[in-house]
Structure formats: C-alpha cells, structure tokens
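Input: a single structure, listed below in structure tokens.
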Amino acid sequence: MAAPVREAWADDLVGRVDELVEEYRSALRASLDGLTEDQARARLVPSRTTLLGLLKHVTYVEGVWFDQAVSGRTAKEAGIASSPDRSFTLRKADTIESVLAAHAERCEESRRAMADLDPGQTVTGRGERSVWALKLQVLRELAHHAGHADILREQLLAGADTAP
Numbered sequence: 001m002a003a004p005v006r007e008a009w010a011d012d013l014v015g016r017v018d019e020l021v022e023e024y025r026s027a028l029r030a031s032l033d034g035l036t037e038d039q040a041r042a043r044l045v046p047s048r049t050t051l052l053g054l055l056k057h058v059t060y061v062e063g064v065w066f067d068q069a070v071s072g073r074t075a076k077e078a079g080i081a082s083s084p085d086r087s088f089t090l091r092k093a094d095t096i097e098s099v100l101a102a103h104a105e106r107c108e109e110s111r112r113a114m115a116d117l118d119p120g121q122t123v124t125g126r127g128e129r130s131v132w133a134l135k136l137q138v139l140r141e142l143a144h145h146a147g148h149a150d151i152l153r154e155q156l157l158a159g160a161d162t163a164p
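The UniProt record's numbering puts the sequence shown at residues 1 to 164.
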C-alpha cells in the first residue's frame, strides 16, 4: 500500500487559512456578477438577507474582527454598523458598485492590519483573543455567508430562467 500523500497546505495552516479567506471574499464578490440592482436587492427569504446585503454584512465582519478586535476602535471609529443586524440594511445609495468598492477597501485595510501580526499574538480590542482565533472566525463567517450567497444566486437565476 502506498503511503498517503501529504497535502502541501498541511505544512502551512496559517497560509492556507489566509488563502481560504481570499477565496471566500472573491466568491462573495462574484455572487453579484451580472446581476441587476433589483436582483442584488431581491429578498428571497423572510429575513433582510439579500446578495447585496450579504456583501455589506461581510464588510462589517471584516471591520469587527480585523479592525475593532485588533485596534479597539468603536464601531463608529471603524466606520461600521452598530450591530450585525444593521449591517444587512441597504440604503438607497447602496449600489452593486458602491458596496463592492467598500468591500474591496475594507479587505485591503484588513490585509494591512493583519499583515505583521503573529497568529499566536493576543489582541484585546473586543476581549482577549489570539490573532489565529480572529482569522478562524472570519473564515467561518465568510464560508457560511458564501454558502448563503450560492443558494440565493441559484434561486435568483432559476427564477429568471423560468419567468414567462
């Protein structure tokens, strides 16, 4: 019997988590590709969850865990909603373009904030947590919401295909 092949990422778990964070960021952004503004705002479930709202929410998530938790800044200082529920709220001025731009800017800020932090380092901005715990929390949130986005997009596109 041949020895099991060890995946290259198994030797660099921090790098692999960073790759997955980038992958899910991209997947969430891509969920808006080719959609109209109305489609991006469409409510297909009883909650306020929409594809555009999901991208606003994960922008908030990045602000909470990669800004507030590291810097200790308030939500207002970090430029994010005051609660997770409010982060889904769409304003009239929110467009696919503006929400994508805000997300891209926040992700770049996140990359800068996390770049020089050691995974074992403890930060205290939202209670005492390791940088590793922050990365895992953001990965969990992004993966969770990317799954929601896949389903919502599938529902939207299936509905468009069957429209009279």
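Built from N, CA and C at the ideal position, the CB exists for glycine as well.
Handout entry: 7 Å CB neighbourhood of residue 25 in its chain, flanking five on each side removed
Key = 107 and 142
Problem - Any alpha helix (DSSP H) of 4 or more consecutive residues that is wholly inside the region 10-34 - result: 13-30
Exercise for the section: Taking only the alpha-carbon atoms, compute the straight-line gap between residue 11 and residue 73 and give it to the nearest angstrom. Expected result: 34 Å
Exercise for the section: Note the first and the last residue of the continuous alpha helix (DSSP H) segment covering residue 38. Expected result: 37-41
Exercise for the section: Could you spell out the range, first to last residue, of the alpha helix (DSSP H) harbouring residue 104? Expected result: 96-115
Practice task
Go ahead and label residue 76 buried or exposed: buried means 16 or more other beta carbons lie within 10 angstroms of its beta carbon, across all protein chains shown.
Solution key: exposed
Problem - Burial state of residue 7 (16 or more Cβ within 10 Å) - result: exposed
Handout entry: For residue 115, the nearest candidate out of 32, 96 and 67 (CA to CA)
Key = 67
Exercise for the section: List the DSSP bridge partners of residue 122. Expected result: 130
Practice task
Could you tell me whether the region 124-139 touches the region 31-39, where touching means 3 or more Cβ pairs closer than 8 Å?
Solution key: no
Exercise for the section: Determine the direct distance from the alpha carbon of residue 65 to that of residue 132, and round the result to whole angstroms. Expected result: 11 Å
Handout entry: Nearest neighbour of residue 27, chosen from 63, 54 and 79 [CA to CA]
Key = 54
Exercise for the section: Within 10 angstroms of the Cβ of residue 2, are there 16 or more other Cβ atoms? Answer buried if so, exposed if not. Expected result: exposed
Problem - N-terminal and C-terminal residue of the alpha helix (DSSP H) that residue 58 is part of - result: 51-63
Practice task
Rounded to whole angstroms, what's the CA-CA distance from residue 150 to residue 51? Just pull it up for me.
Solution key: 9 Å
Practice task
Using three-state DSSP, classify residue 72 as helix, strand or coil.
Solution key: coil
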